[in-house]
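Student: Got a structure here, written out as structure tokens. Questions coming.
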Amino acid sequence: MTPTNRKGLVMEDQNDNFILIPAKSGGGALVRRSQVAGGRANGADGAILYLASGPSVYTTASIPQLAEYLGASRAEMAR
């Protein structure tokens, strides 16, 4: 997508917005979609979301909830 200039701001990707992930420490973590590098379940307590910028977010959200927040679909194993 070609960047567009809107009131002095460069908007490279309309889908690279911020999402609020419920965090274990209370409140939440504001995360940019492009910074999400991966994640995994963390037992019954939720999940760990890995960010490209370095820190991890310990969240009370489940993997299916994180997929919904990110607009991702679930991968199925080939049989």
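According to the working numbering, the sequence shown is numbered sequentially starting from 3.
Note that the Cβ used here is the ideal one computed from N, Cα and C, for glycine as well.
CB-CB under 6 Å to Ile65, same chain, minus the five flanking residues each way: which ones, in chain order?
Tutor: Around Ile65: Ala43 and Ala49.
Student: Taking the alpha carbon of Ala54 as the point to measure from, which residue in Val38, Ala80 and Pro24 has its own alpha carbon closest?
Tutor: Selected option, being the one with the closest Cα: Val38.
Student: Given a threshold of 16 other Cβ atoms within 10 Å of its Cβ, counted over all protein chains shown, does Gly73 qualify as buried or as exposed?
Tutor: So Gly73 ends up on the exposed side.
Student: Would you mind listing the beta strand (DSSP E) stretches within the region 17 to 46 that are 3+ residues and don't spill past its ends, in chain order?
Tutor: Listed in chain order, the complete beta strand (DSSP E) runs (minimum 3 residues) inside the region 17 to 46 are 20 to 24, 30 to 34 and 38 to 43.
Student: Using the C-alpha atoms, what's the distance from Ala63 back to Ser75?
Tutor: For Ser75 and Ala63, the distance between alpha carbons rounds to 16 Å.
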